[in-house]
Each structure stands twice: as structure tokens, then as C-alpha cells.
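Report on the structure given below.
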Amino acid sequence: MKIASWNVNGVRARLDHVSGWLETNQPDVLALQETKVMDEMFPFDAFKPLGYQVSIYGQKSYNGVALLTKKIPTEITKGVEGFSDDQTRVIAGVCGGVLVINVYVPNGQSVGSEKFDYKMSWLKHFYAYLQTLLKVHQKIVILGDFNIAPADVDVHDPELWKNKVLCSDNERRWLNQILDLGFIDSFRLFEQEEGLYSWWDYRAAAYRRKMGMRIDLILISDALKKECIKSYIDEVPRGQDRPSDHTPVLIELS
DNA sequence: ATGGTCGATAGTCGA
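Below, the structure is given as C-alpha cells:
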């Protein structure tokens, strides 16, 4: 089973990119973030002819997540249980016996801002939600735009970003707390080249200058470790015309 | 280079 995640920064603006990528890569599951569209305006018709089911949790202009799947998922849930939130950031469902949790973690703007406080609160409630899910599910994949670079190796210039948003100790502490529940950052199960990232800011020609970060992650529960045979980043879409600022990340399960 | 560029949307906000 091939499972992928991609922050598309507007699914309507990226229709050709996503359709083409699905045709080429044929994932069983593609988790999208920042779809930026209300449910009734989601471009269902673009994906159904390609053989994909669409499960969505959208809103106008901001946020929005979706699961594109070859088979209809079961047990679809939206949002973080126990956390009242008008921002649409989580959609989950069971695909091929695996609970797939698609997340768009808040960006946080800057350390100490109101949006950063919201990010911290969101992470706290998401952590509590995971604890309850772990009582029911063993095989879990959490994937999406985490807006957290796990370690300095995931940052193009760690000194510049030291204790800045996406890299601060408090954010990394929450990520590590989640990992301590029994999850693995799948990317680090395998030997990787240096300087592999999943996001490059549109500004300051960051992609051309290789100024990126790995903030799009696929966490797998311990029960899936033996089944995970591959975890990688597909940098191709980021180099295309009018790209998203993020590029897809993938895993393969045996 | 302490700025820049996008998407959704209709003046800005958020990333």
C-alpha cells in the first residue's frame, strides 16, 4: 500500500498537478492539506475519473483537508475529538486496515504570537485525541503538514532558524511527545541524502537556493514498522510551473 | 539583501 501526503496550497489552483501526479504515482491514499475550498465547491469531478474516492473537510479560503483513496475508507472522522475548532485541519479514516490521520497542524506564525498559542493548544488536544485512538487502533499512520521540523538536520540553516517558529523547542517537544506514544518518523527509518526537504518558501527564491525544511511528515505506529519498506520525498512537483510550496512525501507498506 | 510570493478573494489575510 502506497500512502502519500501533499500540502497543495489550493486544490483548485493545483488541479493539473494533483491529477497528473496521481496518474503517475498511483498511491492508494493521498492526503491533501490546504485545499482552501468549501465542500460543495470541491473539484470532485477531476479525481473520480482517475479512480479516486474523495473524503473532505473543507472551509472557505483557509485550511481544508481531504483524503483521495482508491477504495472507500471506513470510519471517517473530522476534527480533533474534544477540541472545539472552527478551522478544518484533520480528517481520518480506515484504509486497508490502517487508521490514516491526515493533519494540517497550525503554522503558528511566530513564537509567542496568538497563533503560536493556538498551535500549542491544538497540539495538546491532538495528543490527547491520539491517546484515545491508540486504545482502539494498532495500525495508525499520521501524515500531513506538521509545521514542525523534527531536528536541525531537517532545516537548511539551523542557526538562522534556532528557536524560530517551526523549529522551537516547544514545538519539537510536542512532536517528540507524540512519537513517545509509539510512533516513528518513517523518513528516518531509512538512509537518506543530506538536504532533503518537503517545503520551500515562495519568497526569496528559496527553492532555487535550496533553502527548505522537512515539515511534511509520515508517522507510523510501532505496529507498522516491519511493514514499512520505503519512505521518501518526491521533489518533482516542486520544480514544475506554478507549484505548491510543498512537495509530496510518501511511504510504502508491504 | 531584514525583503520577497503565492492562493482565495475582492480588501486583506495567512502562509
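Taking the working numbering, the leading residue of the first sequence gets -13, the next gets one more, and so forth.
For glycine and all other residues, C-beta sits at the position ideal for the given N, C-alpha and C.
| Item | Value |
| --- | --- |
| Test item: CB-CB of LEU85 and LYS22 under 8 Å | no |
| Reduced DSSP secondary structure (H/G/I, E/B, other) of THR233 | coil |
| Residues of its chain near LEU152, where Cβ-Cβ distance is below 7 Å and the 5 sequence neighbours each way are ignored | ASN133, ILE134, ALA135, MET199 and ILE201 |
| Where GLU61 falls: helix, strand or coil (DSSP) | strand |
| Nearest-angstrom beta carbon gap, THR55 and TYR43 [assumed within contact, 8 Å] | At roughly 14 Å, the Cβ-Cβ gap does not stay under 8 Å, so TYR43 and THR55 are not in contact. |
| Which of helix, strand or coil DSSP assigns to TYR90 | strand |
| When VAL(-3), HIS111, ASN88 and LYS105 are compared against ILE206, the one with the closest alpha-carbon | ASN88 |
| Nearest-angstrom Cα separation, counted from LYS148 out to ALA52 | 32 Å |
| Distance CB(TYR90)-CB(GLU20) smaller than 8 Å | yes |
| Contact set for LYS46: own chain, Cβ-Cβ below 7 Å, skip 5 residues either direction | MET24 |
| Local Cβ density within 10 Å of ALA209, reported as buried at 16 or more and exposed below that | exposed |
| Helix, strand or coil at VAL51 [DSSP, three-state] | strand |
| Whether PHE111 touches VAL66 by CB criterion (8 Å) | Reading off the sequence, residue 111 comes out as His, not Phe. Yes, the pair counts as a contact, with Cβ atoms nearer than the cut-off. |
| Extent of the continuous beta strand (DSSP E) run through SER41 | 39 to 43 |
| Beta-carbon gap between LEU203 and PRO13 smaller than 8 Å | no |
| Neighbourhood of PHE173 by C-beta, 6 Å cutoff - its chain only, sequence neighbours within 5 removed | SER217 |
| Buried or exposed (CB count within 10 angstroms, at least 16 for buried), VAL4 | buried |
| Proximity to GLY181 [Cα-Cα], best of PHE102, PHE169, ILE(-11) and ARG195 | ARG195 |
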